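Accompanying notes for the structure given below.
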Amino acid sequence: MTEERDTLIREIGRACELGDVSATHRLLHPAVVALVDSGGDLIAETEPVVGVIDVAQQLLELCRGASVTVGEVNGVLALIVRRALRVTSVVAFDTAAEHVTRVWITLNPLKLRRWNS
Amino acid sequence: MTSTAGLDEFIAVRARLFGIAYRMLGSATEADDVLQEVWLRWSEYDHSSVRAPDAFLATMTTRLSINAATTARARYETYIGPWLPEPIDTSDDPALGAERGEALEVAVLLLMEKLTPVERAAYVLREAFVYEYAAIAEIVQLKEPAVRQLVSRARKHVREARRAPVSSGEQRRLLEAFLTAAQVGDMQSLERLFAEDVVSYSDGGGRSVAARIPVVGRSRVAKFIAAFSSHFWVGVTLRQAQINGQAATVLSKNGDDFAVVSLSASAEGVDQITWMMNPQKLGAISG
Chain A
386 MTEERDTLIR EIGRACELGD VSATHRLLHP AVVALVDSGG DLIAETEPVV
436 GVIDVAQQLL ELCRGASVTV GEVNGVLALI VRRALRVTSV VAFDTAAEHV
486 TRVWITLNPL KLRRWNS
Chain B
13 MTSTAGLDEF IAVRARLFGI AYRMLGSATE ADDVLQEVWL RWSEYDHSSV
63 RAPDAFLATM TTRLSINAAT TARARYETYI GPWLPEPIDT SDDPALGAER
113 GEALEVAVLL LMEKLTPVER AAYVLREAFV YEYAAIAEIV QLKEPAVRQL
163 VSRARKHVRE ARRAPVSSGE QRRLLEAFLT AAQVGDMQSL ERLFAEDVVS
213 YSDGGGRSVA ARIPVVGRSR VAKFIAAFSS HFWVGVTLRQ AQINGQAATV
263 LSKNGDDFAV VSLSASAEGV DQITWMMNPQ KLGAISG
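Chains as they are written, first to last, in this note's numbering: chain A, 386 to 502; chain B, 13 to 299.
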């Protein structure tokens, strides 16, 4: 089960880094929801992002032109997004079978401080 | 005595103390603050009076974390947008100072936010650090049976929310039953289909029915769905569809597709309903 989940997260990491829209769509559950913690940055999304199309767009924008690595975060695999060597976002997932059901995006710079020190 | 007396004992259990505080608070920054406070108090303590420094330090850390969690709770209520735990790199220490990697995943930390600080402490000490119930009772200053109850309640809360999804056939059946009840505004049937913590999400699309704010909870979602039953469904045709191999239903009016409804469910019932109201996004659906 963990193996299936790890494979799924590696696949979504690759799809996001390559900007592969259809692969990203394929990996998301139709009822997928993404939450973005920006720490109150008004430009960022403060409402949940809902559905395959919007969540994929959110992920792909986040990763466009960035380096995306898969690493162990909070005990499970997650995406670590870097721009100019700085971590700009950490993305955690919840999955069910072969789909991502939840996406948790941390953009809040205060919560990324340890990643850049 | 210098101020570094007791330092060795503190350093020996530092990772463990951090593991407790982080799980309790979902914040490495706040966990550091707690550890700072623990160190200050410990460094000024009469060490000769402490029989088991590790247990003593864990107790102090847990109690200070309970206080910090109580204060933090008020802060999250004014947080703009979703609050997520501070992500932490565990590549060097997958269990983050604990015996087991429990109570660490973002999914579980978010669920733990709904527990009271004392429940959270009992859950963390038992599940991640495998403490005896008697030891936890002493730390949180409750009787052992009460602690057993707290842990079992917390476990149930986390397990139920992380339940296995139903098969796609069952998902289709639930979706059909949901739509039937929704169209006639049958509150009772809707409530029977829903898990207690069901959430209805809409993507907006500028339509009145698509509340931008998610609606949460069995009776509130049922009420919300039933409230727009009368006008919303008039002249609407339903068509079965698949998105990524999952059951969905396309709603159309006068030959135009205007929304797609899908849901996720477990043995507890429907836990999430998603309304995609934006017509230009409907290209991704196959019939």
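Just so it is clear, CB atoms sit at the ideal spot from N, CA and C, and this is done for glycine as well.
Quick caveat, the model's predicted, so the values are computed rather than measured.
For residue i, does the count of other Cβ atoms within 10 angstroms reach 16, so buried, or fall short, so exposed?
{"i": "B:P157", "result": "exposed"}
{"i": "B:S61", "result": "exposed"}
{"i": "B:E1", "result": "Coverage of chain B is limited to positions 13 through 299, which leaves residue 1 of chain B absent and any answer about it impossible."}
{"i": "B:K234", "result": "One point to set straight first is that residue 234 of chain B is Ala, not Lys, in the sequence displayed. B:A234 should be labelled buried."}
{"i": "B:A86", "result": "exposed"}
{"i": "B:I225", "result": "exposed"}
{"i": "B:A271", "result": "buried"}
{"i": "B:S231", "result": "exposed"}
{"i": "B:Y34", "result": "buried"}
{"i": "A:G398", "result": "buried"}
{"i": "B:Q258", "result": "buried"}
{"i": "A:N459", "result": "buried"}
{"i": "A:V472", "result": "buried"}
{"i": "A:K496", "result": "buried"}
{"i": "A:R449", "result": "exposed"}
{"i": "B:R53", "result": "exposed"}
{"i": "A:T387", "result": "exposed"}
{"i": "B:I148", "result": "buried"}
{"i": "B:M187", "result": "At residue 187 of chain B the sequence reads Leu, which differs from the Met that was named. When all chains shown are included, B:L187 counts as buried."}
{"i": "B:G38", "result": "buried"}
{"i": "B:V136", "result": "buried"}
{"i": "B:S220", "result": "Confidence is the limiting factor: at B:S220 the pLDDT is only 46, short of 50, which leaves the residue's position unreliable and the question unanswerable from this model."}
Which whole-angstrom value describes the C-beta separation of residue i and residue j, a residue pair presumed to lie in contact below a C-beta threshold of 8 Å?
{"i": "B:F190", "j": "B:L250", "result": "Incorrect: roughly 11 Å between the Cβ atoms, too far for contact."}
{"i": "A:P415", "j": "B:N256", "result": "6 Å"}
{"i": "A:D503", "j": "A:I490", "result": "What is shown of chain A runs 386 to 502, which leaves residue 503 of chain A out entirely."}
{"i": "B:L19", "j": "B:L47", "result": "Contact doesn't hold; Cβ gap of about 13 Å is too wide."}
{"i": "B:A27", "j": "B:D105", "result": "7 Å"}
{"i": "A:D391", "j": "A:L444", "result": "That belief does not hold up - the Cβ atoms of A:D391 and A:L444 are roughly 18 Å apart, past 8 Å."}
{"i": "B:A84", "j": "B:E42", "result": "7 Å"}
{"i": "B:Q284", "j": "B:V163", "result": "27 Å between Cβ atoms; not a contact."}
{"i": "B:A133", "j": "B:G31", "result": "13 Å between Cβ atoms; not a contact."}
{"i": "B:V130", "j": "B:P97", "result": "The pair is not a contact, with the Cβ atoms about 19 Å apart (cut-off 8 Å)."}
{"i": "B:V246", "j": "B:A253", "result": "Actually they do not touch by this definition, with Cβ atoms about 21 Å apart."}
{"i": "B:A40", "j": "B:Q183", "result": "Rounded, the Cβ-Cβ distance is 38 Å, inconsistent with contact."}
Between the C-alpha atoms of residue i and residue j, what's the straight-line distance to the nearest angstrom?
{"i": "B:S241", "j": "B:A193", "result": "9 Å"}
{"i": "B:E21", "j": "B:L69", "result": "9 Å"}
{"i": "A:V440", "j": "A:A419", "result": "6 Å"}
{"i": "B:R112", "j": "B:V120", "result": "14 Å"}
{"i": "B:R75", "j": "B:V152", "result": "7 Å"}
{"i": "B:G197", "j": "B:A260", "result": "20 Å"}
{"i": "A:P433", "j": "A:N493", "result": "16 Å"}
{"i": "A:G436", "j": "B:S77", "result": "37 Å"}
{"i": "A:E389", "j": "A:D479", "result": "12 Å"}
{"i": "B:R174", "j": "B:T16", "result": "45 Å"}
{"i": "A:V476", "j": "B:E125", "result": "19 Å"}
{"i": "B:V178", "j": "A:H484", "result": "13 Å"}
{"i": "B:I92", "j": "A:T431", "result": "7 Å"}
{"i": "B:S103", "j": "A:G456", "result": "7 Å"}
{"i": "B:H243", "j": "A:D405", "result": "40 Å"}
{"i": "B:V273", "j": "B:T73", "result": "47 Å"}
{"i": "A:T454", "j": "B:A64", "result": "42 Å"}
{"i": "A:R487", "j": "A:V417", "result": "6 Å"}
{"i": "B:Y143", "j": "B:D58", "result": "26 Å"}
{"i": "B:L116", "j": "B:P99", "result": "10 Å"}
{"i": "B:A67", "j": "B:T82", "result": "23 Å"}
{"i": "A:L393", "j": "A:H410", "result": "13 Å"}
{"i": "B:Q195", "j": "B:K265", "result": "14 Å"}
{"i": "A:S502", "j": "B:L108", "result": "19 Å"}
Please compile the residues from chain A whose C-beta is within a distance smaller than 7 Å of the C-beta of residue i.
{"i": "B:T286", "result": "P415, A416, V435 and G436"}
{"i": "B:E117", "result": "N459, G460 and V461"}
{"i": "B:D215", "result": "V435, G436 and D439"}
{"i": "B:P157", "result": "Here the premise fails: no neighbours, minimum Cβ distance about 31 Å."}
Taking 7 Å as the cut-off, is the C-beta of residue i nearer than that to any heavy atom in the ligand ADP?
{"i": "B:E21", "result": "You won't find the ligand ADP in this model; it holds no ligand whatsoever."}
Could you work out which residues of chain B lie near residue i, taking near to mean beta carbons separated by less than 7 Å?
{"i": "A:L420", "result": "P94 and L96"}
{"i": "A:A469", "result": "Those do not exist, as A:A469 stays about 19 Å from chain B at its closest Cβ, beyond 7 Å."}
{"i": "A:T431", "result": "I92 and G93"}
Residues of chain B with a CB under 9 Å from the CB of residue i: which are they?
{"i": "A:G326", "result": "Residue 326 of chain A cannot be examined here, being either before or after the span of chain A that is shown, 386 to 502."}
Going along chain B in order, which residues have a C-beta closer than 8 Å to the C-beta of residue i?
{"i": "A:T491", "result": "L96, E98 and P99"}
{"i": "A:R411", "result": "N256"}
Which bits of chain A does residue i rub up against, with CB to CB less than 8 Å?
{"i": "B:S276", "result": "H414, A416, A481 and T486"}
In chain A, what lies closer than 9 Å to residue i by C-beta?
{"i": "B:F65", "result": "First, the residue type needs correcting, since residue 65 of chain B is Pro and not Phe in the sequence shown. Within chain A, no residue comes near B:P65; the closest Cβ sits about 27 Å away, beyond 9 Å."}
{"i": "B:P129", "result": "Result: empty, since nearest Cβ-Cβ is about 20 Å, beyond 9 Å."}
Task: Members of the stretch 452-465 of chain A that neighbour chain B once the beta carbon cut-off is set at 8 Å - done: G456, E457, V458, N459, G460, V461 and A463
Open item on the list: Output needed in chain order: residues of the stretch 255-268 of chain B with a Cβ under 9 Å from some Cβ in chain A.
Closed with: I255, N256, G257, Q258, A259 and A260
Open item on the list: Taking beta-carbon pairs under 8 Å, can you tell me which members of the stretch 388-409 of chain A lie near chain B?
Closed with: none
- [ ] Taking a Cβ distance cut-off of 8 Å, strictly less, list which residues of the stretch 99-113 of chain B are near chain A, in chain order.
- [x] P99, I100, D101, T102, S103, P106, A107, L108 and G113
Open item on the list: If the cut-off is 9 Å on Cβ atoms, which residues from the stretch 13-42 of chain B count as contacting chain A, listed in chain order?
Closed with: S39, A40 and T41
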